[in-house]
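Structure, as structure tokens:
Residue numbers (the working numbering): 1 to 283.
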């Protein structure tokens, strides 16, 4: 599953700082900042757009005010199609957080984003970077049926420590398979991530967010955690991850009572961003 590892390497650039040359990374002069676009599944329609910014020393910038302008590059004079402010989401992620906004794309192909960033000390930079928008999503699209994966659970007799690489595995998140949750016709949230082997170092903090949400909304919404690897030491990916065509980790999906994907979030998550969507799902 080579594409899975390649996309993870792009995300590591944001988490740790890194070099240019990867997709979605723009090389800049020594005194410039580098925008990094780690999202691996941008498609026609509504998207959660992710942005990392590295300073001239390749250190993550977490305190900038960011405005984004999106251009359709299919025309000789690319028109401005949308613009939005991006909010840094990093309450539980530290410098591994990302700037996040929502944007819709009306066609597949080459797009560009102009990143206008300014810091509290008055320093500011503007940079442009190109990215690709797919005609169809790799992962289950918003509004599409969730895939009825039969991920292993405690009910299958599998020990908890085999179901989760978290330091303190939560049995409440391993009671149901995705197929079980769909059969109950009750909304559910599923997190795909490997806390113990996460390439982006955001899986464990994301799992903590899911645990907090489960404690608050567990009577109205089911919560599931699925490990990325069937065998992490051999790099063998779990069947559910293959079935959902996940190109990176972690991923969070919110599924409504009809079994359709209501929201999906790639990368690290924060309670502030996710809870409103879960509350809506639980209503």
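All C-beta atoms in this analysis are idealised placements derived from N, C-alpha and C, irrespective of residue type, glycine included. No experiment lies behind these values; they were computed from the predicted model shown.
- The alpha helix (DSSP H) runs of length 4 or more contained entirely in the segment 118-165 are, from start to end of the chain, 160-163.
- When secondary structure is reduced to three states using DSSP, residue 96 falls in the helix class.
- The bridge partners DSSP lists for residue 186 come to none.
- Annotation: residue 82 to residue 69 spans about 6 Å, alpha carbon to alpha carbon.
- By alpha-carbon distance to residue 145, the top candidate from 283, 263 and 47 is 263.
- Pairing residue 147 with residue 211 gives a Cβ-Cβ distance that is not under 7 Å.
- With a 10 Å radius around the Cβ and a threshold of 16 neighbouring Cβ atoms, residue 48 comes out buried.
- In the pairwise beta carbon analysis, the segment 47-66 is classified as touching the segment 112-119: at least three pairs are separated by under 8 Å.
- Residue 128 holds the alpha-carbon nearest to the alpha-carbon of residue 33 among 46, 128 and 87.
- Residues 149, 150, 151 and 153 of the same chain have their beta carbon placed closer than 7 Å to that of residue 177, with the five preceding and five following residues left out of the count.
- Contact check for residue 133 against residue 88 fails: the beta carbons are separated by 7 Å or more.
- Beyond the five residues adjoining it in sequence on each side, residue 62 comes within less than 7 Å, by CB distance, of 88, 90, 95 and 97 in the same chain, given in chain order.
- Straight across, the Cα-Cα distance linking residue 75 with residue 108 is about 13 Å.
- Collapsing the DSSP output to three states places residue 174 in a helix.
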